[in-house]
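Be aware that the sequence shown starts at 320, since it is given in the numbering used here, and climbs by one per residue. Glycine residues also receive a C-beta, built at the ideal position from the N, C-alpha and C atoms. None of these values were measured; they are calculated from a predicted model. Quick notes on the structure that follows.
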Amino acid sequence: MLLHTPSLLVAFALILVLASAASVSVGLKQQSRRGARWWVVANAIFAAALILQAGTDPTAIGAPIAAVLALQWPIVMLGGVRRFYSRGGTRISEWSDRIVLIVAMLLTVGAWVEPIEPVSYAQVHAMASLFLTLYVAAAVARLEDFATSSTLRALRLGMVAAAIVQLAWLAAVFAYLGPHIAIADAALGALLSTAVIALLMTQLSLVMNHERRIAHLLASQRKLRHLVDVDTLTRLPNRRHFHELAERAVEAARDAATLIVFDVDRMQRVNELLGHPTGDEALRQIGTALRETLRRRDVAGRLGGDDFAVVLPRTRLADSAIVVSRIISRLDDRQVAPRVTRVMLNVGSVQMVPNETIGEALRRAETALIAKRDEARRGEPAPAGGAGVEPEIEPGEDLAPTPSAMMSLIPVGSAILRR
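Written out as structure tokens, the structure is:
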């Protein structure tokens, strides 16, 4: 051999130790996730195996020990990967990892104790390492996160490349190099290719940590964005986000869109009689009815209080009445209690015109809503006790519902449409 094999193995062991130490120091600053310790332990044991292999005679007891210590690396590394991606599933269980590792170790040690003609224990070691490398490559590809993680794809590619190198070395040993190299050098291809992948893993572990931190950061941003854009009670876009979505929805054909605004008539009276929690449930049910009724391209939002708005792209004003009727019908379907109070909707709708903004259309629709609401109230009969006077309450009469009945008294749904 042109290169001194023991020196080569020791050099790779030292490089692996230094790379692992550097990876650990950086990982501590990045708050390494679960599984990092497994990679560090696997690298440390493999470095010890390389040093032991370099200083041990093939016939000494240290040879099978070095082989066993080297064979652990792919499986222990895979265990760390499994724990890092513990939330994802896999088609290959961890019990399979242990079984294949034990089988590979027993075959290698058995070939040293009882030589198998015409192969040596080092060749059996090389074949066992090739089998474990292919197994780990298949197991990594079966992880649920494999499709979304570039690091796992890079790891699988590295394992496949290592398997190709090991197979080529084995073929060369069997075909040409067998009589010309030392017995222990038959496993040299397996040891060095595994060492290269171990060095690669020290870098991939940092990338995996970085990917996880970025994923958590993006998830936090999405949550914050949701809190900023969505009304938590009704789960509809708030006023600002509604304007953004509505402008995009009508941009293609602004004059073919209809805008509807509505509110709950005498919402304050509902809150006073039945309590604010019941009023909140009414608003929540309205939001649910809107989400269940509207098309995907329609945009609904809560403008504030009991005021809602809906934009219907490519819908004429005459057709908007059908949409409103469907909303009312959906509210009626959701009724689950006796009709103690009636939830009435005041509605105003307008056809948008070219170059009109959502804000301008909202003002026109709100003007129409106020006009229709005032007109309807002027036509209502005066309450008992005189016009504009609330009915008197008899002494001792208790109108407050019991706490257990609070949520069932408001049957969101008993809706009257005022157009």
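Check	Outcome
Simplified DSSP state of Ile380, which is helix, strand or coil	coil
Gln485 burial status per 10 Å Cβ neighbour count (16 or more: buried)	buried
Alpha-carbon spacing of Leu490 relative to Gly477, whole angstroms	Note that residue 490 is Ala in the sequence shown, not Leu. Rounded to the nearest angstrom, the two C-alpha atoms are 20 Å apart.
Closest Cα partner of Leu664 within the set Arg682, Ala695, Leu681	Ala695
Close-in-space but distant-in-sequence residues of the same chain around Arg554 (CB under 6 Å, 5 per side omitted)	Gly606
Those residues which DSSP pairs with Leu631 across a bridge	Thr577
Unbroken alpha helix (DSSP H) run spanning Val359, endpoints	355-373
Helix, strand or coil at Ser668 according to DSSP, with G and I counted as helix	strand
Contact check, Ala494 vs Arg475, beta carbons under 8 Å	no
Residue range of the alpha helix (DSSP H) that includes Arg697	677-697
DSSP state of Gly606 mapped onto helix, strand, coil	helix
Straight-line Cα distance separating Ala534 from Arg697	58 Å
Met446 versus Pro434: straight-line alpha-carbon distance, rounded	15 Å
Cut-off 6 Å between Cβ atoms - residues of its own chain near Ala640, not counting five sequence neighbours on either side	none
Sequence-distant residues of its chain with Cβ nearer than 6 Å to Ala373 (five each side left out)	Pro325, Leu328, Val329
First and last residue of the uninterrupted alpha helix (DSSP H) at Val428	413-432
Same chain, Cβ closer than 6 Å to Gly399, neighbours up to 5 away in sequence not counted	Gly354, Trp357, Trp358
For Ala619, the three-state DSSP class (helix, strand or coil)	strand
Alpha helix (DSSP H) segment containing Thr409, residue limits	Where Thr409 is concerned, there is no enclosing alpha helix (DSSP H), given that its DSSP letter is neither H nor E.
Status (buried if at least 16 other CB within 10 Å, exposed otherwise) for Asp416	buried
DSSP state of Asp550 mapped onto helix, strand, coil	coil
Pairwise C-alpha distance: Asp464 and Phe403	10 Å
Beta bridge counterpart(s) of Met527 as assigned by DSSP	Partner(s): none; Met527 has no beta bridge.
Euclidean distance between Cα positions of Val547 and His560	8 Å
Nearest-angstrom Cα separation, counted from Phe581 out to Arg564	What sits at residue 564 in the sequence shown is Leu, not Arg. For Leu564 and Phe581, the distance between alpha carbons rounds to 18 Å.
DSSP beta-bridge partners of Val438	Ile435
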